[in-house]
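Peer 1:
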Amino acid sequence: LKLLPIHFCRCLRSCTRAMWAVWDATSRMGLRPTTWLGAAPVFWDTLFNYSSSKHPAVRGHVALTIDDGLCRQQDKSRALVKEVRALLREHGALASFMLCSDYLEGVEEEARGLLEDGHEFGNHCPRDREYASLPAEEFEEQLLLTNTAVEKLLGEGRKVRWFRAPQAKYTTSMKKAVDDLGLRHVLGDAYCDDWAVEDAEWVANTMLRQTDHGSILIMHMPEKGFREHTLEVLRLILEGLEQRGLRAVTLSTLESLAEQEPNSQLSRISRSLSAGGTSAYTPGVSWSRRVWCSIVGRVFRRAGGQTTSRQLRQPEAPPAGGQPPVELAAGCAGHVEQVQGS
Numbered sequence: 316l317k318l319l320p321i322h323f324c325r326c327l328r329s330c331t332r333a334m335w336a337v338w339d340a341t342s343r344m345g346l347r348p349t350t351w352l353g354a355a356p357v358f359w360d361t362l363f364n365y366s367s368s369k370h371p372a373v374r375g376h377v378a379l380t381i382d383d384g385l386c387r388q389q390d391k392s393r394a395l396v397k398e399v400r401a402l403l404r405e406h407g408a409l410a411s412f413m414l415c416s417d418y419l420e421g422v423e424e425e426a427r428g429l430l431e432d433g434h435e436f437g438n439h440c441p442r443d444r445e446y447a448s449l450p451a452e453e454f455e456e457q458l459l460l461t462n463t464a465v466e467k468l469l470g471e472g473r474k475v476r477w478f479r480a481p482q483a484k485y486t487t488s489m490k491k492a493v494d495d496l497g498l499r500h501v502l503g504d505a506y507c508d509d510w511a512v513e514d515a516e517w518v519a520n521t522m523l524r525q526t527d528h529g530s531i532l533i534m535h536m537p538e539k540g541f542r543e544h545t546l547e548v549l550r551l552i553l554e555g556l557e558q559r560g561l562r563a564v565t566l567s568t569l570e571s572l573a574e575q576e577p578n579s580q581l582s583r584i585s586r587s588l589s590a591g592g593t594s595a596y597t598p599g600v601s602w603s604r605r606v607w608c609s610i611v612g613r614v615f616r617r618a619g620g621q622t623t624s625r626q627l628r629q630p631e632a633p634p635a636g637g638q639p640p641v642e643l644a645a646g647c648a649g650h651v652e653q654v655q656g657s
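All residue numbers for the sequence shown refer to our numbering, where the first residue is 316 and numbers rise by one.
1. Just the Cα atoms here: how many angstroms apart are D527 and A451?
2. Name the residue from T361, V357 and P356 whose alpha carbon lies nearest to the alpha carbon of G503.
3. Residues in its own chain within less than 6 Å of G384 by CB, not counting five upstream and five downstream?
4. What are the start and end residues of the alpha helix (DSSP H) that includes A426?
5. According to DSSP, simplified to helix, strand and coil, what is V512?
6. Count the other CB atoms within 10 Å of the CB of V525; is the residue buried (16 or more) or exposed (fewer)?
7. For the structure I just gave you, are there three or more beta carbon pairs, one from the segment 453 to 468 and one from the segment 420 to 432, closer than 8 Å?
8. Skipping 5 residues on each side, what residues in its chain have a beta carbon closer than 8 Å to that of E398?
9. Mind checking which residues open and close the beta strand (DSSP E) that includes N438?
10. Could you please give me the residues that DSSP links to V662 through a beta bridge?
11. With a floor of 4 residues, list each alpha helix (DSSP H) that falls wholly inside the segment 468 to 503, ordered by position along the chain.
12. Identify, in the order they occur along the chain, each residue of the same chain with its Cβ nearer than 7 Å to the Cβ of A464, setting aside the five sequence neighbours on each side.
13. How about L523 and G555: are their beta carbons less than 8 Å apart?
14. Is it buried or exposed, E570, if we count other Cβ atoms within 10 angstroms and call 16 or more buried?
15. Helix, strand or coil for F363, going by three-state DSSP, please let me know.
16. Which of helix, strand or coil does DSSP assign to V460?
17. CB-CB under 7 Å to C440, same chain, minus the five flanking residues each way: which ones, in chain order?
18. Go ahead and label D494 buried or exposed: buried means 16 or more other beta carbons lie within 10 angstroms of its beta carbon, across all protein chains shown.
19. Assuming L409 and G437 make a contact with CB atoms under 8 Å, what is their CB distance in whole Å?
20. Can you look up H535 in the DSSP assignment and give me helix, strand or coil?
21. Between which two residues does the alpha helix (DSSP H) harbouring L395 extend?
22. What does L449 pair with, by DSSP beta-bridge criteria?
23. In angstroms with no decimal places, state the Cα-to-Cα distance between M534 and V357.
24. Could you check the C-alpha separation between D390 and G421 for me, to the nearest Å?
25. Quick test of your reading: G540 and R393, contact by CB under 8 Å. State the CB separation rounded to the nearest angstrom.
26. Taking its Cβ as the centre, do 16 or more other Cβ atoms sit within 10 Å of A563, making it buried, or is it exposed?
27. If we ignore side chains and look at the alpha-carbon of each, how far apart do E557 and A505 end up?
28. Excluding the five sequence neighbours on either side, which residues of its own chain have a C-beta within less than 7 Å of the C-beta of A515, listed in chain order?
29. Since A492 contacts E455 with CB under 8 Å, what's their CB separation in whole angstroms?
30. Return the bridge partner residues of L414 from the DSSP annotation.
31. Once you ignore the five residues that flank W510 on each side, which residues in its own chain have a CB closer than 7 Å to its CB?
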């Protein structure tokens, strides 16, 4: 029994080294591991990034997102909201804070200050834990609880637009509740377990290697004595973005820029489908990605795996001009990873 703490520490260090090795290797190869989730049917509506080749207006911009805000500790003097706000203001950057409603009590004034600066709030459930194992009704209650708390801060008439599943664990029943509230699930394409790896310089360099025009960066909220190193990560990332000529904006701003593309035929299809009651569609998904998603979806169904709530359809041959048919415009939406050769 006396050796258990020692074995635990060794195991923790081994896990951290493993995460370090994975993110370091994949980022150096130019891969974005978080976008691999897009092959799973339940993530087809999830936003990971906007490809600048398909959405030229996003060039020069990335979305910065910060999870687990604003302060989970009982002693709210340990919150670093003011420091984060000052750092973002110094660099002329905006961010989308994915908030946990249990971590808002006692920092409401600081939260309103972030809104005054133009930052954005999203729904990240009440606490930093997984929710995929909850019954559908219980998850819906928890989701609505956080939505209500965040919208109370936003003020009358303003709605929460974004949701991020804690620990990226997302199920079909969760998706239904998210859709019913009119939220959009978002992850990202620049991430490397900053909550666990405390080497701020390494974390920042790794995330910057993953970052491109239209990227969505994921990091975590710092507090005194808890993930405090992420404040330095934020500073280094903002400096790195400036050096590369990239500006950090909110998710909604990046989405608005993406919709400004010259050829917006798919965007019009999206709005038409959304008006008819289907899930929101983000233009720019490549034809090869649609075919790939359809194939994977069929494999999942035959294997008894989890699928999205809407019915999947057989892909048809693209008509003249290479434009995918309308039927597929509702499929694998939101996943905008660049596909080589598409």
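Virtual Cβ for every residue (Gly too), placed ideally from N, Cα, C.
No experiment lies behind these values; they were computed from the predicted model shown.
Peer 2: Walking through what the data contain:
1. The residue labelled residue 527 in the question sits at position 212 within the sequence shown. The residue labelled residue 451 in the question sits at position 136 within the sequence shown. Cα to Cα, the separation comes out at about 36 Å.
2. Against the sequence shown, residue 503 aligns to sequence position 188. Here the closest residue by C-alpha is T361.
3. Mapped onto the sequence shown, residue 384 falls at position 69. Excluding its 5 nearest sequence neighbours in each direction, G384 has C-beta neighbours in its own chain below 6 Å: F412, L414 and M536, listed in chain order.
4. Residue 426 sits at position 111 when you count from the first residue of the sequence shown. Annotation: the continuous alpha helix (DSSP H) that includes A426 extends over E423 to E431.
5. As a first step, residue 512 is located in the sequence shown; it is residue number 197 there, counting from the start. DSSP places V512 in coil when its eight states are reduced to three.
6. Start at 1 with the first residue of the sequence shown, and residue 525 comes out as number 210. Note that residue 525 is Gln in the sequence shown here, rather than Val. When all chains shown are included, Q525 counts as buried.
7. In short, these stretches touch, since the Cβ pair count reaches three.
8. Taking the sequence shown and counting its residues from 1, one reaches residue 398 at position 83. The answer, listed in chain order, is P537 and L546.
9. Here the question's residue 438 lines up with position 123 in the sequence shown. In the DSSP assignment, N438 falls within the beta strand (DSSP E) that extends over E435 to N438.
10. Not covered by the structure: residue 662. The range shown for the chain is 316 to 657.
11. Qualifying alpha helix (DSSP H) stretches, in chain order: 487 to 495.
12. Within the sequence shown, residue 464 is the residue found at index 149, counting from 1. So the qualifying residues of the chain are S416 and L419.
13. By one-based count along the sequence shown, residue 523 stands at place 208. By one-based count along the sequence shown, residue 555 stands at place 240. Going by C-beta atoms, L523 is nearer than 8 Å to G555.
14. Translated into positions along the sequence shown, residue 570 becomes position 255. Buried is the call here.
15. The residue you call residue 363 lines up with position 48 of the sequence shown. Coil.
16. Start at 1 with the first residue of the sequence shown, and residue 460 comes out as number 145. Checking the sequence, you will find Leu at residue 460 rather than Val. In the three-state reduction of the DSSP assignment, L460 falls in the helix class, which pools H, G and I.
17. In the sequence shown, residue 440 corresponds to position 125, counting from 1. Correct list, in chain order: C415, Y446, Q457, L458, T461 and P481.
18. Taking the first residue of the sequence shown as position 1, residue 494 is located at position 179. It counts as buried.
19. The residue labelled residue 409 in the question sits at position 94 within the sequence shown. The residue labelled residue 437 in the question sits at position 122 within the sequence shown. Contact flag wrong, Cβ pair sits at about 13 Å.
20. Numbered from its first residue, the sequence shown carries residue 535 at position 220. Three-state DSSP puts H535 in a strand.
21. As a working note, residue 395 is residue 80 in the sequence shown. Neither: L395 is in no alpha helix (DSSP H) and is coded neither H nor E.
22. By 1-based counting over the sequence shown, the position of residue 449 is 134. Under DSSP, L449 forms no beta bridge with any residue.
23. On the sequence shown, position 219 is the one that residue 534 refers to. On the sequence shown, position 42 is the one that residue 357 refers to. Near 23 Å, if we compare the C-alpha coordinates of V357 and M534.
24. What you label residue 390 is simply residue 75 of the sequence shown in a count that begins at 1. What you label residue 421 is simply residue 106 of the sequence shown in a count that begins at 1. Looking at the two C-alpha atoms, the distance is approximately 9 Å.
25. Here the question's residue 540 lines up with position 225 in the sequence shown. Here the question's residue 393 lines up with position 78 in the sequence shown. Going by Cβ atoms, the distance from G540 to R393 rounds to 6 Å, so yes, they are a contact pair.
26. Locating residue 563 in the sequence shown gives position 248, counting from the first residue. So A563 counts as buried.
27. In the sequence shown, the residue the question calls residue 557 occupies position 242. In the sequence shown, the residue the question calls residue 505 occupies position 190. A direct Cα-to-Cα measurement between E557 and A505 gives close to 16 Å.
28. The residue given as residue 515 occupies position 200 in the sequence shown. Counting only Cβ-Cβ distances below 7 Å, and skipping sequence neighbours, we find H544, E547, V548 and L551.
29. Position 177 of the sequence shown, counted from the start, is the residue given in the question as residue 492. Position 140 of the sequence shown, counted from the start, is the residue given in the question as residue 455. Yes, they are in contact, since the Cβ atoms of A492 and E455 sit about 4 Å apart, within 8 Å.
30. Residue numbering aside, residue 414 sits at position 99 when the sequence shown is read from its first letter. DSSP lists G384 and N438 as partners of L414.
31. Residue 510 sits at position 195 when you count from the first residue of the sequence shown. Cβ neighbours of W510 beyond the five flanking positions: H535 and R542.
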